[in-house]
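Notes follow the structure.
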Amino acid sequence: MGLFSKKIESYLGVDIGAGSVKVVECRNDRKRARLSTYGFAEMETGSTNPTSNLGSDLDGIAATLKEVCGRAKVESKRAVTSLPIAAVFSSIISLPIMPKKELPAAVQWEAKKLVPLPIEEMILDWKLLTSDEDLKKDASAKGGSASGGKAIRVLLTGAPKGLVQQYLTVFKRAGLELASLETEAFALIRSLVGGDPSVILILDIGFARTSMVIVDAATPMLSRSVDVGGKDFSRALAETMGTDASTAEQFKLDLAVMPNAGAGGGLPAILPRTLAPVIQEVRYGVNLYLSQEEHRGRVVEKVILAGGSALLPGLTDILARELSLRVFVGDPWARVMYPPDLRPALDTIGPRFAVAVGLAMREIT
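At position 15 of the sequence shown (counting the first as 1) the number is 944 in this note's numbering, and the numbers step up by one without a gap.
This is the structure in structure tokens:
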């Protein structure tokens, strides 16, 4: 090592889904994420728990993760991973104006009334949505009083300690250091939205479920999940084609990367009925969000798609028609530096790596 050489920081973003494991390694290049390597492996965890992608075989998941890291030739041992949106309690709470030093105790007190489990069994985190400038203005207007007036808005999140311990176990057995753990919502915002101040709906269509996140000013304001995902498209396609599930799955994957695929029928024909529960959930979530007093006058600007099924032919057109919104496939590589000759390959895998990319960026940007 040279006398003035500088240690290069790099981090792994690890997305353990219900149907695969994705790994992205990025290094810190002057506070910008530069892609080092990536890898993935198809693997059904066997989880029947809608709030977790981990099944009972933690050793199997750890072995797969270790294998993926080996094949991708990752260098870092420091990893960031995420909890599924369905596994995380999330709520925006309002508190009276108070000195900032009193907020932790107030949030803890409010959390006791809201979280679905005893607070001793939860790991809690919170983010202040009211700016420091607004806090000072409100406190000054009231002479520092904690009563009356505007409210302080706080994003409260929580996850079961038992589930977090399972993730710690998996990473330890895979020979990795779990540096951070966050919700999928924040990872998706980091890779797909950045600092966009508008109201955006992210729709992440995974293997077993679809998660939606309404993002306002780069903050997750409402998150919901529905148990419909890529496996349901494959099952419907298998029934339509009269074939087995594995053949239908491969046909679906082929269609997703072929130009003008499915123009004559096939998969696009089964999409509307398979998507119906997703569309219903999205409509409900959007109406719920926009009906709240503090969001009156706001408008959802667009829908960004992520997940392994985001590239299915006809999907953006169907969603745009049913939701009356502009729909785009997200590009998680837009905020990452990478060799230009990798672009065709990255375009093909991009949507399914949206969470992993956002996780790899967490400690860098």
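Note that CB positions come from ideal geometry on N, CA and C, so glycine has one too.
Less than 8 Å separates the beta-carbon of residue 1233 from that of residue 1121. Between the region 1216-1234 and the region 1257-1272, the count of C-beta pairs closer than 8 Å reaches three or more; the two stretches touch.
Every alpha helix (DSSP H) stretch that sits fully inside the region 1197-1284 and reaches 4 residues is listed by chain position as 1244-1252, 1272-1278. Judged by DSSP secondary structure, residue 1100 falls within the alpha helix (DSSP H) whose first and last residues are 1090-1102. Put simply, the backbone Cα of residue 1244 is about 22 Å away from that of residue 1263. Here residue 1050 has 1089, 1090 as same chain residues with Cβ atoms under 7 Å from its own Cβ, once five neighbours each way along the sequence are excluded. With fewer than 16 other Cβ atoms inside 10 Å of its own Cβ, residue 1042 counts as exposed. Per DSSP, residue 1161 is one residue of the alpha helix (DSSP H) stretching across 1159-1170.
Short of 7 Å from the beta carbon of residue 1174, and not among the five residues preceding or following it, lie these beta carbons of its own chain, in chain order: 1163, 1164, 1167. Counting along the chain, residue 969 sits inside the beta strand (DSSP E) bounded by residues 961-971. The three-state reading of DSSP puts residue 1124 in coil, since its state is none of H, G, I, E or B.
The region 1030-1047 makes no contact with the region 964-973: fewer than 3 CB pairs, one atom from each, lie closer than 8 Å.
Along the length of the region 982-1028, whole beta strand (DSSP E) runs at least 3 residues long occupy 1007-1012, 1018-1025, reported in chain order. The beta carbon of residue 1119 lies closer than 6 Å to those of 1287, 1290 in the same chain, with the five residues before and after it left out. Sequence-distant Cβ neighbours of residue 1248 in its own chain, meaning closer than 6 Å and more than five residues away, are 1256. A straight line joining the alpha-carbon of residue 1104 with that of residue 996 spans about 11 Å.
Of the residues 1227, 1004, 1027, 1023, the one whose Cα lies closest to the Cα of residue 1146 is 1227. Between residue 1009 and residue 941 a beta carbon distance of about 7 Å is seen, short of the 8 Å cut, so the two are scored as contacting. Between the C-alpha atoms of residue 1138 and residue 1200 there is a straight-line separation of about 15 Å. DSSP places residue 1042 in the uninterrupted alpha helix (DSSP H) bounded by 1032-1043.
A residue is called buried when at least 16 other Cβ atoms come within 10 angstroms of its Cβ; residue 988 does not meet this threshold and is exposed. Looking at 1250, 1143, 1281, the one whose alpha-carbon comes closest to that of residue 1217 is 1143.
Looking at the DSSP output, residue 952 bridges to 943, 968.
Burial state of residue 1280 is buried, judged by a 10 Å Cβ sphere holding 16 or more other Cβ atoms. Around the beta carbon of residue 1246, fewer than 16 other beta carbons lie within 10 angstroms, which makes this residue exposed.
Rounded to the nearest whole angstrom, the C-alpha separation of residue 1151 and residue 999 is 37 Å.
Beta-bridge annotation (DSSP): residue 1150 is not paired with any residue. The straight-line gap separating the alpha-carbon atoms of residue 1211 and residue 1106 is approximately 36 Å. The beta carbon of residue 951 is closer than 7 Å to those of 944, 969, 1281, 1282, 1285 in its chain, skipping five residues each way along the sequence. Looking at the DSSP output, residue 1087 sits in a beta bridge with 1018, 1053.
Annotation: residue 960 to residue 1124 spans about 15 Å, alpha carbon to alpha carbon. Looking only at 1272, 1153, 1176, the smallest Cα-Cα distance to residue 1160 is reached by 1176. Bounds of the beta strand (DSSP E) holding residue 1145 are 1139-1145.
Following the DSSP letters along the chain, one finds residue 1111 inside the beta strand (DSSP E) bounded by residues 1106-1112. Just measuring C-alpha positions, the residue of 1153, 1238, 1095 sitting nearest residue 1209 is 1153.
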